[in-house]
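**Q** Read in order, the letters of the sequence shown correspond to residues 0 to 508 in numbering that gives the first Met the number 0.
Just so you know, even glycine gets a beta-carbon here, dropped at the ideal spot from N, CA and C.
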Amino acid sequence: MPKAPWWKRAVVYQIYPRSFADATGSGIGDLVGVRERLEHLAWLGVDALWLSPFFRSPMHDFGYDVSDYCDVDPLFGGLADFDALLSAAHDRDLRVLIDWVPAHTSSEHPWFVEAKSSRESPRRSWYVWRDPGKDGGPPNNWTTAFTPGAPAWSLDEPSGQYYLHSFLPEQPDLDWNNPEVVEAMHAVLRFWLDRGVDGFRADVIHNIGKPEALPDVDPKLAPIPHCALNDEPQTHEHLRAIRKLVDAYPGERMMVGEVFLLSTEQVAAYYGRNDELHLSFNFPPLFAAWEAEAWRQCIEKTAQSLDPIDAWPSWVLSNHDNPRHRTRYGSEARARAAAVLLLSLRGTPFLYMGEELGLEDAVITDAERVDPGGRDGCRAPLPWDRSPTHGWGAKPWLPWPPNAGDRSVEARRADPHSMLHLYRKLLALRRASPALSLGTFRLLPGADSVLVYERRGGNDRRVVAINFRDEAAPLELEGPLEVELASDGHGEGSAFGGEIGPDQALILR
Ligand code: TEU
């Protein structure tokens with residue numbers, strides 16, 4: 000097999016630090032909590048973890064509004080706790096990616112405080128300021144992310160100018176056309192690379208480049224948050240410089256970018272000619288229905304867009320911004336089949352903490368909702384054990400997900416047939432199989448409701464079949480095949496009998 004960088008073979012596990020593990024008993028997860036629970040990740044068999052932001056922040060967007068990129072928010076601990084976590088992770092051969100938020104800062108970041116202080120401030124041009132439009136309103140028709148249809152601009156009354164914010168007013172967009180901004184954000188990358196991180200998940204990276212003229216978008220598109228439309232050539236230039244910076248460090252450091260554009264062709268451009276992002280998220284599959292045809296299309300589109308530019312795919316079903324796929328797909332049987340799919344496609348899979356437990360979104364009342372984007376459900380805390388506090392010191396900041404005791408790490412680990420053991424088995428199988436980790440991919444014919452594909456690496460070969468319906472289906476395949484893994488455990492270790500069960504996924508060899 001060809002030699003490949005670690006991140007092509009890896010399975011990455013996303014940790015949302017507020018909700019993972021609480022060592023201090025504050026009801027909010029923290030970095031010591033993550034360190035104390037690394038055993039879970041090592042036992043599971045993932046290769047890397049990605050930590051959502053833990054930097055100083057007023058938390059209007061729960062850490063995606065950063066007021067100091069080079070310090071840990073006291074809620075989560077301090078820099079020494081980060082260093083201890085990083086070295087403990089490395090001791091267990093777990094790589095660590097951190098979240099870099101380059102497109103906007105917090106409005107409380109000293110840069111913005113200074114920029115706002117006067118039109119003459121030397122930092123004014125670090126952000127995007129414009130005079131009001133002709134009617135005295137916002138300078139253009141761009142809209143913001145969390146309040147549908149609301150302008151992406153806020154008026155700063157003392158100076159009479161508007162500033163741009165693709166997200167909350169508390170998240171002013173940085174102006175990457177200013178070389179000082181570029182240098183400051185590069186310095187942030189170096190700060191963490193020098194500390195030893197293995198790489199970054201770059202937040203809304205496609206949103207850094209903006210044209211000076213900031214033209215209106217087609218009025219028909221204006222209701223779409225501008226961030227989901229912003230696709231500018233400047234960004235590619237910035238990414239080439241970022242790639243050089245990251246690649247200059249030893250040890251295969253990397254960056255996975257969040258490109259929140261809803262077509263895979265657009266996303267593909269952010270790999271450049273292997274000189275921009277190492278990996279990019281690709282969200283159309285996350286938004287796809289649980290239907291064989293929808294997935295066939297996502298898979299084909301991914302290959303068509305990425306293969307010609309030699310770019311490596313990534314796959315993700317859940318994250319901290321969207322309802323969990325266990326909730327979207329509606330049953331544990333489907334979520335089990337989805338785990339087989341996610342971990343047997345060609346590309347790097349990203350798991351979201353708790354999906355290995357089969358967690359569903361918490362039911363959040365209006366009174367409990369705290370996120371401006373209403374994304375609280377998937378951010379419910381992780382239950383570690385069956386006790387009433389589930390391993391947390393105090394009542395956590397959000398309600399528990401349904402059946403938290405039965406789905407806790409403790410309970411799932413005690414049951415060899417649980418979802419957690421399925422994930423662990425899949426991870427081990429993937430690691431041991433050249434076909435599944437780095438091999439080629441080919442769709443095979445199957446019934447309408449069954450997705451079938453072959454993975455091949457050298458002499459190693461697997462056939463994977465996913466039944467998207469809750470009724471059994473015939474499945475004709477060549478050659479004697481053995482059921483190596485079944486999402487529901489049925490038939491494992493025996494000869495394949497020509498049929499796939501309801502909601503079942505199979506790995507055959
Ligand atoms: O998300 C980008 C993004 O576009 C989504 O927030 C999307 O608009 C939203 O989920 C729709 O409900 C990233 C982070 O992942 C997210 O948590 C942040 O809020 C956002 O950027 C701003 O930093």
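By the three-class DSSP mapping on this structure, what secondary structure does residue 473 have?
**A** Strand at residue 473.
**Q** Thinking just about the alpha-carbon of each residue, which of 20, 312, 84, 5 is nearest to the one in residue 34?
**A** Nearest option by C-alpha distance: 84.
**Q** With 16 other CB atoms within 10 Å as the buried threshold, where does residue 307 fall?
**A** So residue 307 ends up on the exposed side.
**Q** With C-beta atoms as the reference, is residue 289 less than 7 Å away from residue 328?
**A** Yes.
**Q** From residue 427 to residue 129, what distance separates their C-alpha atoms?
**A** Rounded to whole angstroms, residue 427 to residue 129 spans 54 Å at the Cα level.
**Q** Quick test of your reading: residue 323 and residue 359, contact by CB under 8 Å. State the CB separation rounded to the nearest angstrom.
**A** Indeed, because the Cβ distance is near 6 Å, the residues count as touching under 8 Å.
**Q** At 3 residues or longer, what runs of the beta strand (DSSP E) sit wholly inside the stretch 206-258?
**A** Whole beta strand (DSSP E) segments, 3+ residues: 253-256.
**Q** On the criterion of 16 or more Cβ atoms from any shown chain inside 10 Å, does residue 273 qualify as buried, or is it exposed?
**A** That one is exposed.
**Q** Check whether the Cβ of residue 226 sits closer than 6 Å to any heavy atom of the ligand TEU, and report yes or no.
**A** Yes, since a heavy atom of the ligand TEU falls inside the 6 Å radius drawn around the Cβ of residue 226.
**Q** According to DSSP, residue 428 sits in a beta bridge with which residue or residues?
**A** Looking at the DSSP assignment, residue 428 forms no beta bridge with any residue, so it has no partner.
**Q** When we look at the beta-carbon of residue 133 and count the other beta-carbons within 10 Å, is it buried (16 or more) or exposed?
**A** Exposed is the call here.
**Q** Bridge partners for residue 381 per DSSP, in chain order?
**A** Bridge partners of residue 381: none, in fact.
**Q** Strictly by DSSP, which residues pair up with residue 460?
**A** Residue 460 pairs with 455.
**Q** Is it buried or exposed for residue 144, if we count other Cβ within 10 angstroms and need 16 for buried?
**A** Residue 144 is buried by the Cβ-count criterion.
**Q** With DSSP run on the structure shown, which of helix, strand or coil describes residue 389?
**A** If DSSP states are grouped into helix, strand and coil, residue 389 belongs with coil.
**Q** For the alpha helix (DSSP H) containing residue 32, list its first residue and its last residue.
**A** Start and end: 30-35.
**Q** Identify every residue that forms a DSSP beta bridge with residue 42.
**A** None, per the DSSP bridge assignment.
**Q** Name the two residues that bound the continuous alpha helix (DSSP H) containing residue 116.
**A** Residues 109-116.
**Q** Secondary structure at residue 63, three-state DSSP: helix, strand or coil?
**A** Residue state, collapsed to three classes: coil.
**Q** Starting from residue 198, follow its DSSP beta bridges and name the residues at the other end.
**A** According to DSSP, which records beta bridges pairwise, residue 198 is partnered with 96, 253.
**Q** Determine the DSSP secondary structure at residue 68, reduced to helix, strand or coil.
**A** Residue state, collapsed to three classes: strand.
**Q** Where does residue 363 fall in DSSP's three states?
**A** Three-state result, residue 363: coil.
**Q** From residue 443 to residue 508, what distance separates their C-alpha atoms?
**A** Spanning the two alpha carbons is a distance of roughly 15 Å.
**Q** Cα separation between residue 68 and residue 202?
**A** Cα-Cα distance, rounded: 13 Å.
**Q** Could you compute how far the alpha carbon of residue 49 sits from the alpha carbon of residue 409?
**A** Using only the alpha carbons, I get a separation of about 23 Å.
**Q** Within 10 angstroms of the Cβ of residue 425, are there 16 or more other Cβ atoms? Answer buried if so, exposed if not.
**A** Answer is buried; the Cβ neighbour count reaches 16.
**Q** For residue 493, report the span of its beta strand (DSSP E) as first-last.
**A** Note, residue 493: premise wrong, no beta strand (DSSP E); not H, not E.
**Q** Check residue 192 in the structure and name its three-state DSSP category.
**A** Of the three classes helix, strand and coil, the one that applies to residue 192 here is helix, per DSSP.
**Q** Considering only heavy atoms of the ligand TEU, does any lie closer than 6 Å to the CB of residue 15?
**A** Residue 15: no, Cβ never under 6 Å from the ligand TEU.
**Q** Expressed to the nearest angstrom, what Euclidean distance is found between the alpha-carbon atoms of residue 386 and residue 403?
**A** Answer to the nearest angstrom: the Cα atoms are 10 Å apart.
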